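See below for the structure under consideration.
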Amino acid sequence: MRFHLNGREVDVQAPAMKRLLDVLREDCGLTGTKEGCGEGECGSCTVLLEGEPVCSCLVPFGQVAGARVMTVEGIPADHPLLRHFVEQGATQCGACTPGFLLTAYALGSRAAAEEVRAALAGNLCRCTGYQAIYRSIKKARA
Amino acid sequence: MRTAASDLELVRPASLAEALQALAGDPALRPIAGATDLFVDANAGVLRGRRFLDLWPLRELARIEVKEDVLSVGALATFANIARAEAVRQRLPILAEAARQVGSLQIQNRATIGGNVATASPAADSLPVLLVAEAVVVLQSTGGQRRLPLTDFITGYRRTALAAGELIAAFEIPPLPDGAQRFRKVGARAAQAISKVVLAALVGPVARLAAGSVAPVPLRLSRTEAVLASGGSLAEASQALQEEISPIDDLRSTAAYRRRVAQNLLESFFAGR
Numbered sequence: 168m169r170f171h172l173n174g175r176e177v178d179v180q181a182p183a184m185k186r187l188l189d190v191l192r193e194d195c196g197l198t199g200t201k202e203g204c205g206e207g208e209c210g211s212c213t214v215l216l217e218g219e220p221v222c223s224c225l226v227p228f229g230q231v232a233g234a235r236v237m238t239v240e241g242i243p244a245d246h247p248l249l250r251h252f253v254e255q256g257a258t259q260c261g262a263c264t265p266g267f268l269l270t271a272y273a274l275g276s277r278a279a280a281e282e283v284r285a286a287l288a289g290n291l292c293r294c295t296g297y298q299a300i301y302r303s304i305k306k307a308r309a
Numbered sequence: 033m034r035t036a037a038s039d040l041e042l043v044r045p046a047s048l049a050e051a052l053q054a055l056a057g058d059p060a061l062r063p064i065a066g067a068t069d070l071f072v073d074a075n076a077g078v079l080r081g082r083r084f085l086d087l088w089p090l091r092e093l094a095r096i097e098v099k100e101d102v103l104s105v106g107a108l109a110t111f112a113n114i115a116r117a118e119a120v121r122q123r124l125p126i127l128a129e130a131a132r133q134v135g136s137l138q139i140q141n142r143a144t145i146g147g148n149v150a151t152a153s154p155a156a157d158s159l160p161v162l163l164v165a166e167a168v169v170v171l172q173s174t175g176g177q178r179r180l181p182l183t184d185f186i187t188g189y190r191r192t193a194l195a196a197g198e199l200i201a202a203f204e205i206p207p208l209p210d211g212a213q214r215f216r217k218v219g220a221r222a223a224q225a226i227s228k229v230v231l232a233a234l235v236g237p238v239a240r241l242a243a244g245s246v247a248p249v250p251l252r253l254s255r256t257e258a259v260l261a262s263g264g265s266l267a268e269a270s271q272a273l274q275e276e277i278s279p280i281d282d283l284r285s286t287a288a289y290r291r292r293v294a295q296n297l298l299e300s301f302f303a304g305r
C-alpha cells in the first residue's frame, strides 16, 4: 500500500487493520513513535496525518492509503523545536517527547500562547511538570 | 496489539452506494470511521467482528451545510470539523463548544459525530446538545432514506434503532427558538476527561434541557422543562430534575456528586431567566 511518509512516497505491505503505530515501528523501522496507553489518552504515539495530530494507536493502517504521514523522524534536524527541547530540559524519560514535538510542530506559529496549552492537553508528560515543554515551544516560536 | 490484525478485513468502498451495497450483502460487516472507540476495543483485545467497512473515504458524508434553513451535519464530520464550521458556530454554538471538549485535539481530528451517536454512550459529549437541538437522524440504506428524531434513535444503554444495512448519513438540525444556548461538561480535569455530568440547555421563552452521564441514556429532561415552562420556581425545577435523573456510582464519580452538580448547573443556567 502506498502512502507518503516523512515526505517520501513509500510502498508498505501490512494488514489493513494493523495499527499505524505498529506499521511505523515494525514494518517501516521508525521506532521514534512510542506507545503509551494504547487507548488514545496519552498522546505518546502522536503522528501527523495530513498535517494534523492523531493517535497512531487508533488508526487502522488501511486508512492511510495515499495520505501524508509525518513522524518525529520527519522533523528537520535543525528545527528550533529540537534545540530548545534539549536546551530547556524539556525531555526526561523521553517517552512523551516525540508526541509533544509533533503536536507543537503542527501548531506552527499560528496559535496564540493559550491555544498552545489547550492543543497540548492531549499529550501527557509524567516527568517534567510541563513548564520546560511550554518554555521550549514558546522559544521555538519566537 | 492484543487483537491479531492480520485476519481482520477492511473493506474500502469507493462510494456511498458501494458501501450500502456491501452492508446489504453482509450484515456482519461493521462500519468504522475515525476508529477512536473501536480501536480502543481492539487494543484491549475485545474487538467484536472480523470484517469492517471503512466509511472514512466517503467524503460526501462529511459535509456541514445549511439547506432550507436546516443545519445539516454529515455523520463523518469530525469534532475538529464541527468546532471550526462557521454554520455550526452561528446556529448551534454549543455544538462547537462541545466538540472542542471531546477528548483531545488528536481525538477531535478523527472522532466523528456519527460515531459518537452510533456508540450511544450515556457520557457522549455531543448528545445532550443534539437532544436540545431536536436533531433528526438521517438513515440511509439501499432501500432509501428514513428520518428519526434522536430521542427515538437511542433506544437504551449503548443501543440504537439503526437497522441492518443502514448507515447514519447526517443529522438535521432545525432552527432553534430564541434564547441563550448553554453547555457545560464537568470532568476530572479541564481537558481530556470523560464527563461526570454534561448539561446542555436553551434558556429563553422556550426552555430546553438535556443531560449526559446521569442515566443509562443521554436524557432530554422534559418534565423539568415543563416546570420551567409553566413558571415554576427553580426549586421546583430542581425537584423535577432530581426525579428525572438516575445517576450511578462508578469509577468516574458518585451518584450523589452527579445529582448535586446537575442541580448546580441547572440553577446556574436558569438563575437569570
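Order-wise, the sequence lines are chains Z and B. Just so you know, the first sequence maps onto residues 168 to 309 in the working numbering. Just so you know, the second sequence maps onto residues 33 to 305 in the working numbering. Even for Gly, the Cβ is constructed at its ideal location relative to N, Cα and C. Remember, it's a predicted structure, so these values are computed and weren't measured experimentally.
- For Z/Arg-250, the uninterrupted alpha helix (DSSP H) segment begins and ends at 247-255.
- In the DSSP assignment, B/Phe-84 falls within the beta strand (DSSP E) that extends over 83-86.
- Interface criterion not met: the Cβ of Z/Cys-292 is under 8 angstroms from no Cβ in chain B.
- Collapsing the DSSP output to three states places Z/Glu-240 in a helix.
- From the beta-carbon of Z/Glu-281, no residue of chain B is found nearer than 7 angstroms; the closest lies around 12 angstroms away.
- Taking each of B/Ile-280, B/Leu-253, B/Val-170 in turn and checking the Cα distance to B/Leu-103, the smallest one comes out for B/Val-170.
- Against chain B, a Cβ distance below 7 angstroms from Z/Gln-230 picks out Asp-86, Trp-88.
- Take Z/Gly-205, set aside five residues on each side of it, and the residues of its chain with a beta-carbon closer than 6 angstroms to its own are Cys-224, in chain order.
- By the rule that beta-carbons nearer than 8 angstroms mark a contact, B/Gln-138 touches chain Z.
- Counting only the Cα atoms, Z/Gly-241 lies some 17 angstroms from Z/Ala-262.
- By the neighbour-count criterion, in which 16 or more other beta carbons inside 10 Å mark a residue as buried, Z/Cys-260 falls on the exposed side.
- Excluding its 5 nearest sequence neighbours in each direction, B/Ala-193 has C-beta neighbours in its own chain below 7 angstroms: Leu-180, Asp-184, Phe-185, Thr-187, listed in chain order.
- Residue state for B/Arg-292 is assigned as helix, using DSSP reduced to three classes.
- By the neighbour-count criterion, in which 16 or more other beta carbons inside 10 Å mark a residue as buried, B/Gly-146 falls on the buried side.
- DSSP places B/Gly-197 in the coil class of the three-state scheme, outside both helix and strand.
- Annotation for Z/Asn-173: Met-237, Thr-238, Glu-240, Gly-241 place their beta carbon closer than 7 angstroms to its own, counting only its chain and skipping 5 residues before and after.
- Taking a C-beta cut-off of 7 angstroms against chain B, the contacting residues of the stretch 175-198 of chain Z are Pro-182, Ala-183, Met-184, Lys-185, Arg-186, Asp-189, listed in chain order.
- Z/Pro-265 is outside the set of residues whose beta carbon lies under 8 angstroms from a beta carbon in chain B.
- Residue burial annotation: B/Tyr-189 is exposed, with fewer than 16 other C-beta atoms found within 10 angstroms of its C-beta.
- Listed along the chain, the chain Z residues whose CB falls inside 7 angstroms of the CB of B/Thr-151 amount to none; the nearest CB is some 14 angstroms away.
- Within the stretch 240-258 of chain Z, no residue has a Cβ lying closer than 9 angstroms to any Cβ of chain B.
- With respect to B/Gly-244, B/Ser-227 sits close: the two C-beta atoms are nearer than 8 angstroms.
- Interface flag for Z/Gly-210 against chain B is set, since a Cβ pair is found closer than 8 angstroms.
- Buried is the label assigned to Z/His-251, since at least 16 other Cβ atoms lie within 10 Å of its Cβ.
- Excluding its 5 nearest sequence neighbours in each direction, B/Gly-197 has C-beta neighbours in its own chain below 6 angstroms: Leu-55, Ala-56, Ser-173, listed in chain order.
- Pairing B/Leu-93 with B/Gly-106, the inter-Cα distance amounts to about 5 angstroms.
- Under the 10 Å beta carbon count, B/Gln-213 is surrounded by 16 or more other beta carbons and is classified as buried.
- Pairing B/Arg-132 with B/Ala-115 gives a Cβ-Cβ distance under 8 angstroms.
- In terms of beta-carbon proximity, Z/Thr-213 lines the interface with chain B, with at least one pair separated by less than 8 angstroms.
- Excluding its 5 nearest sequence neighbours in each direction, B/Leu-182 has C-beta neighbours in its own chain below 8 angstroms: Val-149, Leu-159, Leu-162, Leu-163, Glu-166, Ala-167, Val-168, Val-169, Phe-203, listed in chain order.
- DSSP, read as helix, strand or coil, puts B/Ala-287 in helix.
- If you draw a straight line from the Cα of B/Phe-111 to the Cα of Z/Phe-170, it is about 25 angstroms long.
- The alpha carbon of B/Ser-265 has as its nearest neighbour, out of B/Pro-279, B/Arg-305, B/Leu-251, the alpha carbon of B/Arg-305.
- Secondary structure at Z/Gly-229: helix, using DSSP grouped into helix, strand and coil.
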